[in-house]
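Participant: Mind having a look at this structure? Questions to follow.
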Amino acid sequence: MTLSTVVLDRDGVINRDSPAFIKSAAEWHALPGALEAIARLKHAGMRVVVASNQSGLGRGLFEYDALLAMHDKMTRQIGDLGVALDGIFFCPHTAEANCGCRKPATGLLDDIMGRWHLGPAECVMIGDSPTDIQAAHAAGITAIGVRSGKTIDADDERWADVPIVDDLSAAVDRLLRGEPDPS
-19 MTLSTVVLDR
-9 DGVINRDSPA
1 FIKSAAEWHA
11 LPGALEAIAR
21 LKHAGMRVVV
31 ASNQSGLGRG
41 LFEYDALLAM
51 HDKMTRQIGD
61 LGVALDGIFF
71 CPHTAEANCG
81 CRKPATGLLD
91 DIMGRWHLGP
101 AECVMIGDSP
111 TDIQAAHAAG
121 ITAIGVRSGK
131 TIDADDERWA
141 DVPIVDDLSA
151 AVDRLLRGEP
161 DPS
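Residue numbers (the working numbering): -19 to 163.
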């Protein structure tokens, strides 16, 4: 099978993250080069989907309408580059909810693969946190870590098989060169 779908975490990969959560469209700011990297993936024929834990909803830090406004801002800015995301999937639950969709659980990735009838070898996950990598591994999906958000310790033996690069642009460079080849 050939890589067809790139799954992106949102906070720390596409936009700046905050330990206090991104709670409004005014707080949502794209990371340098991230939107252009998404456009490069789309121009290369890739499906690009976001899979994001958004426990700020479950914690009551922001309302659903605020999340929609953040996603609207993101999709408009991506649209300004002449491309569109293929989907946005999110988990609104806190870790204490023990749901099946909050990464590192595979629910979001399972939903994405089910929606487009994909096998794990057709997908790659790009994330900035251990939970992104753990979810990808649990779903059988190749992962790439980025340092632009939360810290993924490249020396941690759990990530020995995971390329860790500076940011989304560097991850896209790898993918467009055929690294890693998930097939």
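All residues carry an ideal CB built from backbone N, CA and C; glycine is no exception.
Could you give the residue range of the beta strand (DSSP E) that holds Thr86?
Facilitator: Looking at the DSSP string, Thr86 is not in any beta strand (DSSP E), and its letter there is neither H nor E.
Participant: In terms of DSSP beta bridges, what is Met105 paired with?
Facilitator: In the DSSP output, where bridge partners are listed per residue, Met105 has Val(-13) and Ala123.
Participant: Tell me whether Asn33 is buried or exposed, calling it buried when 16 or more other Cβ atoms sit within 10 Å of its Cβ.
Facilitator: Under this definition Asn33 is a buried residue.
Participant: Would you report the Cα separation of His51 and Asp153, rounded to the nearest angstrom?
Facilitator: C-alpha separation (whole angstroms): 25 Å.
Participant: Exposed or buried, which one is Gly40 when buried takes at least 16 other CB atoms within 10 Å?
Facilitator: Exposed.
Participant: Using the three-state DSSP reduction, which class does Ser32 fall into: helix, strand or coil?
Facilitator: Reduced to three states, the DSSP call for Ser32 is strand.
Participant: Tell me which same chain residues have a C-beta within less than 8 Å of the C-beta of Leu148, skipping the five on either side of it?
Facilitator: Closer than 8 Å at the Cβ level, and outside the excluded window around Leu148, lie Leu(-12), Val(-7), Ile(-6), Leu11, Gly13, Ala14, Ala17, Ile18, Ile106, Val126 and Ser128.
Participant: State the Cα-Cα distance for the pair Pro162 and Asp60, rounded to the nearest angstrom.
Facilitator: Per-residue confidence for Pro162 stands at a pLDDT of 47, beneath the threshold of 50, marking its modelled position as unreliable; the derived number appears in the next sentence. Cα-Cα distance, rounded: 31 Å.
Participant: Go through its chain and collect everything with a Cβ distance to Ala29's Cβ below 6 Å, but skip five positions before and after it.
Facilitator: The question names Ala, yet the displayed sequence has Val at residue 29. Correct list, in chain order: Val(-13), Asp66, Gly67 and Ile92.
Participant: Can you give the beta carbon distance from Val104 to Thr131, rounded, assuming they're within the 8 Å contact cut?
Facilitator: Actually they are not in contact, since the Cβ atoms of Val104 and Thr131 sit about 21 Å apart, beyond 8 Å.
Participant: Count the other CB atoms, across all protein chains shown, that sit within 10 Å of the CB of Arg138; report buried if there are 16 or more and exposed otherwise.
Facilitator: Classification of Arg138: exposed, given that the 10 Å Cβ count is below 16.
Participant: Buried or exposed for Gly80, going by 16 or more other Cβ atoms inside 10 Å?
Facilitator: Counting Cβ neighbours within 10 Å, Gly80 comes out exposed, since fewer than 16 surround it.
Participant: Please report the distance separating the alpha-carbon of Ser35 from that of Pro84.
Facilitator: Cα to Cα, Ser35 sits roughly 13 Å from Pro84.
Participant: Which of the three DSSP states is assigned to Arg27 in this structure?
Facilitator: Reduced to three states, the DSSP call for Arg27 is strand.
Participant: Just to confirm, is the Cβ distance from Ile113 to Val145 under 8 Å?
Facilitator: For Ile113 and Val145, no; Cβs fall outside 8 Å.
Participant: Under the assumption that Arg27 contacts Thr(-15) (Cβ atoms under 8 Å), give the Cβ distance between them as a whole number of angstroms.
Facilitator: With 8 Å as the limit, Arg27 and Thr(-15) qualify as a contact, their Cβ atoms being about 4 Å apart.
Participant: Report the three-state DSSP secondary structure of Val(-7) (helix, strand or coil).
Facilitator: Val(-7): coil per DSSP, three-state reduction.
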